[in-house]
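Q:
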Amino acid sequence: MAHHKLSAWQYTVLGLVAVSAPLGDTCLSRGMTNLPAISLAHPLSLIGAVFTPWIAIGILLLIGFFASYLTALSWADLTYVLPATAFGNVIVALFARFWLNEPISMQRWAGIALITIGVGFVAQGPSLTERPAPDSAVEDIDPANAVEEEQVR
Amino acid sequence: MMILNAAPAPGPWTATAMITAIVLSSTAGEVLTASAMKSIGDLDDIRAVSGMKGAIRAVVTCPRFYAGVSFLAISFFSLLFALNHLNLSLVAPASASLTLVTNAIAAKFFLKENVDRRRWTAAVLVCVGVYFLAH
Chain A
0 MAHHKLSAWQ YTVLGLVAVS APLGDTCLSR GMTNLPAISL AHPLSLIGAV
50 FTPWIAIGIL LLIGFFASYL TALSWADLTY VLPATAFGNV IVALFARFWL
100 NEPISMQRWA GIALITIGVG FVAQGPSLTE RPAPDSAVED IDPANAVEEE
150 QVR
Chain B
0 MMILNAAPAP GPWTATAMIT AIVLSSTAGE VLTASAMKSI GDLDDIRAVS
50 GMKGAIRAVV TCPRFYAGVS FLAISFFSLL FALNHLNLSL VAPASASLTL
100 VTNAIAAKFF LKENVDRRRW TAAVLVCVGV YFLAH
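Chain order of the listed sequences is A and B. The numbering of the first sequence is numbering that gives the first Met the number 0, which starts it at 0 and goes up by one. The numbering of the second sequence is numbering that gives the first Met the number 0, which starts it at 0 and goes up by one.
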């Protein structure tokens, strides 16, 4: 971790972050368009929407996303993890093209290229900002040790 | 689908307000969550020492985590609300691409992350790319 090089496991976590979010969103969108219009006057009907099948599947996928996202954020910068999240859209688009044989317009290919270049840019750099003063972080994690050290002195 | 709805199609200002609500709440949520996770430390290390339960306990006992999740929940329900009134082809690219840029700005000022030229370029490229891809 000292050199902020990611391990194979950490790349797997970033992959899960990328794939589960767009798949979950797709399920949510499919579920919500099947429902009648919801107005601000009846906000509780949004709670009912949670129990319809597509939205429930979407939420399960997003829980998986959130667990891997939190893990990634514990060892990488937010500005490193977010482009990885966006790369999931590329994976889903390529999936739709080569597995579902959906056509992709020139504009979408341009989008795929831009995201891929952008993610490549970030991935070349360090995954975590160097902190000049790690001492305070150590104290936060284990205050008991710090107290003991003071008592010894 | 919209024609069947009782509510009239929202105007440009209402649509802007809906998307702004999603972008602001998700930026606040993601910055608070990232800050909470950094204060907890490497989750993989914690899991190696005290197991999955230890890792979950470390997360759910962090107050800042709940602040982040509250904003993410607001953002989630604003997204559901907006998807019910506006087209996915407008809401998804607009909110996803704008959030990338607002997050880069917020990460620089609140998380003190080193957002160098490489990351700015990436944020803008990915922002335009997401818009193209989802529109």
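Ideal Cβ placement from N, Cα and C applies to all residues, glycine included. Quantities reported herein were computed from a predicted structural model and do not represent experimental measurements.
Rounded to whole angstroms, what is the Cα-Cα separation between residue 73/B and residue 24/B?
A: Counted from its first residue, the second sequence places residue 73/B at position 74. Counted from its first residue, the second sequence places residue 24/B at position 25. Residue 73/B and residue 24/B: Cα-Cα distance of roughly 6 Å.
Q: Hey, is residue 21/B's beta-carbon within less than 8 Å of any beta-carbon in chain A?
A: Residue numbering aside, residue 21/B sits at position 22 when the second sequence is read from its first letter. It does not; no Cβ of chain A falls within 8 Å.
Q: Buried or exposed: residue 98/A, going by 16 or more other Cβ atoms within 10 Å of its Cβ?
A: Residue 98/A sits at position 99 when you count from the first residue of the first sequence. By the 10 Å Cβ count, residue 98/A comes out exposed.
Q: What in chain B is Cβ-close to residue 53/A, meaning under 7 Å?
A: Start at 1 with the first residue of the first sequence, and residue 53/A comes out as number 54. Going along chain B, no residue has its Cβ under 7 Å from residue 53/A, so there is no contact; the nearest lies around 12 Å.
Q: Compare the C-beta of residue 118/A with all C-beta atoms of chain B and state if any pair is closer than 8 Å.
A: Locating residue 118/A in the first sequence gives position 119, counting from the first residue. For residue 118/A, the answer is yes, since a Cβ of chain B falls inside 8 Å of its Cβ.
Q: Within the 8 Å Cβ cut-off, does residue 118/B reach chain A?
A: Numbered from 1 along the second sequence, position 119 holds the residue referred to as residue 118/B. Closer than 8 Å: yes.
Q: Check this for me: beta carbons of residue 132/B and residue 116/A, under 8 Å apart or not?
A: Counting from 1 along the second sequence, the entry for residue 132/B is found at position 133. Counting from 1 along the first sequence, the entry for residue 116/A is found at position 117. No, these two residues do not count as a Cβ contact at 8 Å.
Q: I need the DSSP call for residue 130/A, collapsed to helix, strand or coil.
A: As a position in the first sequence, residue 130/A is number 131, starting the count at 1. Reduced to three states, the DSSP call for residue 130/A is coil.
Q: By DSSP, does residue 133/B sit in helix, in strand, or in coil?
A: Your numbering for residue 133/B matches position 134 in the second sequence. Looking at residue 133/B - three-state DSSP - the assignment turns out to be helix.
Q: Three or more C-beta pairs under 8 Å: does that hold for the segment 62-82 of chain B against the segment 31-39 of chain B?
A: With the cut-off at 8 Å, the segment 62-82 of chain B and the segment 31-39 of chain B touch.
Q: Mapping the DSSP letters down to three states, classify residue 53/B as helix, strand or coil.
A: The residue labelled residue 53/B in the question sits at position 54 within the second sequence. Residue 53/B falls in the helix class under three-state DSSP.
Q: Only counting the same chain, and skipping five residues up and downstream in sequence, which positions put a Cβ closer than 7 Å to that of residue 39/B?
A: The count along the second sequence starts at 1 and reaches residue 39/B at position 40. Once the five neighbours on either side are set aside, the close Cβ partners of residue 39/B are 57, 58 and 61.
Q: Starting from residue 16/A, find everything on chain B with Cβ-Cβ shorter than 9 Å and list it in chain order.
A: In the first sequence, counting from the first residue as 1, residue 16/A sits at position 17. None at all; the shortest Cβ gap to chain B is about 12 Å.
Q: Helix or strand or just coil, what does DSSP make of residue 41/A?
A: For this step, residue 41/A is matched to residue 42 along the first sequence. Here residue 41/A sits in coil by DSSP.
Q: From residue 41/B to residue 105/B, what distance separates their C-alpha atoms?
A: Looking up residue 41/B in the second sequence gives position 42. Looking up residue 105/B in the second sequence gives position 106. Taking the straight line from one Cα to the other gives about 22 Å.
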